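K.L.:
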């Protein structure tokens, strides 16, 4: 009995002492109730130095929280409980957020730096006139591969993935729209199709891909490709850039039949209690210097034209990550398919995954 | 006591090596200047230096430990009383119903627990942050404690309690002098597994946290897209070494005094 | 005595009410909603389509394998631990690895099992060709067993530890072989520990996720993975809840099978 009481007391004392330590550590940022900005973003998706700079410049204290999937983030914001002032969702989620009336319209007069953004990335179908969102990073879906191991393939066509020579060599991403998308692209259909016969064709096409699949995985693709665990992987351009940075033997290609063009955008959710500060933050991130510094740190493609002028020329002229105008024509942005068709795509993907043996 | 045979020693050594292998792998790469867990470039301590510069990460680490300790403690207390209560039920069907309910949280996938707790908390109006996370962790740790304590209670000889009663012990005395000491191993087992649950949990914490409060798991998962930084390896390495030192140190300190302490236990 | 113990049930019952009954009610409610939020049994209909039944079967198969191997590894370990000098300390040392973040350890496994990892380095040392270890069901079962070992060892250790050594001596004196002693004396007396071990391994093993993707590359898909997907990706909480309802039903069945029969402490 004595042992139990001793242990209980010890745990309580240790916990209280530790809690007190966090108070001490927090003292620099302990100006609660004053000017606070809560940011909700992917992990490692901003240069922390920029946050410090922003705090110094404006006197606003930043609380930085992170999420790991768009959908989880959406659930959190929808449910409320935390006053998120800034969030960085992908574009197809923005459509959903608008449908559910979760966003605050932006005041463009407070965002003079919006002029820095390349007009190609503005006024897109998911958010006309950028009333609610500003592009943060963008990219494509494509194939990262190891030229030493795949020989003649250059992956200028999706069809290369189906070649019997690549048996059990391909990593796919665990995401229904991307995987169904390669079949749709290969067949020349839209990535946003809700035509059942086109989808049935795509499913049949996918079934033929199954023997070539080594695994269907998520973010760990980066580590695995750097380690040369497979010779080919379907991935997003931002992660491909990470992989190539770590493993120079790798290359990235966006097939010519077309592919997806994606965005991560900054938005102000309705939960915001500091709309003024949120605008200040967006404008700060739109500055050419901050955007350039951020792109340099994160390694993804920035839509900020003014920033490009400040960045390493080799990076900016890399057509794999900043595709030329002609190729951009073949890219397509995802539209929200509605719950029914999200279901259809996912069931199809599930059947495909269960057929991999 | 017999000595263990050689093959027994080999077997145990093998189990321990397997259990610790991934941790040594993590610690090994925490000294990698290359910045990833792939190729070892050269030795560096920079990731350890980064831990102490990153105040945010330190606060998160402390949060994680505090939530784990407190939730394990409180859920152990709740669970022990729950188990004693369950055993006191004479109605077998009632017992089985309670036990099945007890296990619902063990079987439910984290996303469901997280999402339903989130709905529950916002309905009751609990502010998301330290307390919501603590309550959630207590909630999902209770069943494991019950499951660890229950077998001990069941095997307990009822004549022990009867004897105590005959000797005039009060109910309180029976609880503190007879039952609790007997089931103590189960209590500790429950506590340690509750700690494990709390430290491992990502999904539930993710849903019920807010207002800047975060734990190590949430932080690590959200790093996955860009690759987990080796600072996290370093911090895990430090936590690991400190834990081992505390546990081994505590064990020997207690054991040295054992002769004196044990009699009063 | 009993009255005092009933009061012990009050906080626990409150916990059950708030954190078990309420979520179950919520799950049950959602499972009856279709995508438009209307009441319907469509989700239950879908569940009985071939793909989900197949998934249920394969989930059970893998959960069975994982539990079996965990038990096979854990029982002797727990037994040997009770024979050690500092057994409490060694027991703690079994648990400590589980306090390091699981995702990190999983990344370590990916590195270890990889084509250029240490295991393949050893294989190549023997002049054999490199082996694909990652993304197989064997590696999946291995890592799952790794995760569950402490959960199995603890209850078994506790029941073995209190085992009266004189019983074993008595059996031996009566001429029982070690195997008979184990089968007729040790095993029955530690059965409660084994049962709790099976409960805390088998049930969660049904709903394992994350390592199904990271280690098995989605070549293994469990009910847990499916629920995860329905909630987070498809955003079809109705279907996700329906699978969860079945998971809970399976759990109750398992509890009834492994549960304590009418023996035990307070009931006579």
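Residue numbers (my numbering), protein chains in the order written: chain F, 1 to 357; chain C, 358 to 622; chain R, 623 to 890.
Just so you know, even glycine gets a beta-carbon here, dropped at the ideal spot from N, CA and C.
As the structure is a computational prediction, the values presented were derived from the model and not from experiment.
1. According to the neighbour-count rule (16 or more other Cβ atoms, all chains shown, within 10 Å of its Cβ), is residue 607 (chain C) buried or exposed?
2. Verify the CB distance criterion: does residue 578 (chain C) have a CB-CB separation below 8 Å to chain F?
3. Among F:141, F:73 and F:135, which has the Cα closest to the Cα of residue 320 (chain F)?
4. At 8 Å on the CB atoms, spell out the chain F contacts of residue 367 (chain C), in chain order.
5. Output, in sequence order along the chain, the residues in the segment 840-858 of chain R whose CB is closer than 7 Å to any CB in chain C.
6. What does the Cβ neighbour count give for residue 480 (chain C), buried or exposed, with the cut at 16 atoms within 10 Å?
7. Return the first residue and the last residue of the alpha helix (DSSP H) that residue 371 (chain C) is part of.
8. Just checking: is the beta-carbon of residue 637 (chain R) within a distance shorter than 8 Å of some beta-carbon in chain C?
9. If we ignore side chains and look at the alpha-carbon of each, how far apart do residue 135 (chain F) and residue 59 (chain F) end up?
10. Step through the CB atoms of chain R and report whether any lies within less than 8 Å of the CB of residue 482 (chain C).
11. Closest to residue 362 (chain C) by C-alpha separation, out of R:791, R:703, R:785 and R:801, would be which residue?
12. For the segment 533-556 of chain C, list every residue whose C-beta sits within 9 Å of some C-beta in chain F, in sequence order.
13. Any Cβ of chain C within less than 8 Å of the Cβ of residue 780 (chain R)?
14. Using CA coordinates, which residue listed in F:292, F:181, F:113 and F:138 is at the minimum distance from residue 240 (chain F)?
15. From the DSSP output, read off the bridge partner residues of residue 180 (chain F).
16. Identify the contact partners of residue 266 (chain F) in chain B, using a Cβ-Cβ distance below 7 Å as the criterion.
17. In its own chain, which residues sit with a C-beta less than 8 Å from the C-beta of residue 804 (chain R), not counting the 5 before and 5 after it?
18. Between residue 412 (chain C) and chain R, is the shortest Cβ-Cβ distance under 8 Å, so that the two count as touching?
19. Give a yes or no on whether 8 Å exceeds the smallest Cβ distance from residue 358 (chain F) to chain C.
20. With DSSP collapsed to three states, give me the class of residue 64 (chain F).
21. Going by Cα to Cα distance, which pick from R:757, R:771, R:829 and R:857 is closest to residue 697 (chain R)?
22. Using 8 Å as the threshold, is the segment 434-444 of chain C in touch with the segment 491-506 of chain C, meaning 3 or more CB pairs across them?
23. Counting only beta-carbon atoms, is residue 472 (chain C) nearer than 8 Å to chain R?
24. Counting Cβ pairs, one atom from each stretch, are 3 or more of them under 8 Å apart for the segment 122-133 of chain F and the segment 363-376 of chain C?
25. Which word fits residue 871 (chain R), buried or exposed, when buried means at least 16 other C-beta atoms lie within 10 angstroms of its C-beta?
26. Could you tell me which residues DSSP puts in a beta bridge with residue 41 (chain F)?
27. Which bits of chain F does residue 835 (chain R) rub up against, with CB to CB less than 9 Å?
28. Residue 634 (chain R): which of C:402, C:444 and C:465 sits nearest, CA to CA?
29. Do the CB positions of residue 646 (chain R) and residue 656 (chain R) come within less than 8 Å of each other?
30. Within 8 Å (strictly less), CB to CB, does residue 167 (chain F) reach chain R?
31. Grab me the residues of residue 852 (chain R)'s own chain with a C-beta within less than 6 Å of its C-beta, minus the 5 sequence neighbours each way, in chain order.
32. On the DSSP letters alone, give me the boundaries of the alpha helix (DSSP H) that residue 252 (chain F) sits inside.
33. Do residue 856 (chain R) and residue 844 (chain R) have their CB atoms nearer than 8 Å?
34. Decide if residue 801 (chain R) is buried, meaning its Cβ has at least 16 other Cβ atoms within 10 Å, or exposed.
35. Looking at the secondary structure, which residues open and close the beta strand (DSSP E) in which residue 136 (chain F) lies?
36. Please return the same chain residues whose Cβ sits closer than 8 Å to the Cβ of residue 795 (chain R), not counting the five positions on each side in sequence.
P.N.:
In short, the structure shows the following:
1. exposed
2. yes
3. F:141
4. Residues of chain F passing the Cβ test: none, with the nearest at roughly 32 Å.
5. 846, 849, 850, 853 and 854
6. exposed
7. Note, residue 371 (chain C): alpha helix (DSSP H), 363-386.
8. yes
9. So the two alpha carbons sit approximately 25 Å from each other.
10. no
11. R:703
12. 533, 534, 537, 538, 541, 544, 545 and 548
13. yes
14. F:138
15. BP columns for residue 180 (chain F) are empty, so no partner.
16. Here chain B cannot be found, since the structure's protein chains are F, C and R.
17. none
18. no
19. Residue 358 (chain F) is absent from the model: chain F starts at 1 and stops at 357.
20. Three-state result, residue 64 (chain F): strand.
21. Out of R:757, R:771, R:829 and R:857, the CA that lies nearest to the CA of residue 697 (chain R) is found in R:771.
22. yes
23. yes
24. no
25. exposed
26. For residue 41 (chain F), the pairing in a beta bridge is given by DSSP as F:66.
27. Neighbours of residue 835 (chain R) on chain F, chain order: 174, 215, 216, 217, 218 and 220.
28. Of all alpha-carbon atoms in C:402, C:444 and C:465, the one lying nearest the alpha-carbon of residue 634 (chain R) is that of C:444.
29. no
30. no
31. Closer than 6 Å at the Cβ level, and outside the excluded window around residue 852 (chain R), lie 858, 861 and 862.
32. Here residue 252 (chain F) belongs to no alpha helix (DSSP H); instead the beta strand (DSSP E) covers 251-253.
33. no
34. exposed
35. Bounds of the beta strand (DSSP E) holding residue 136 (chain F) are 133-145.
36. none
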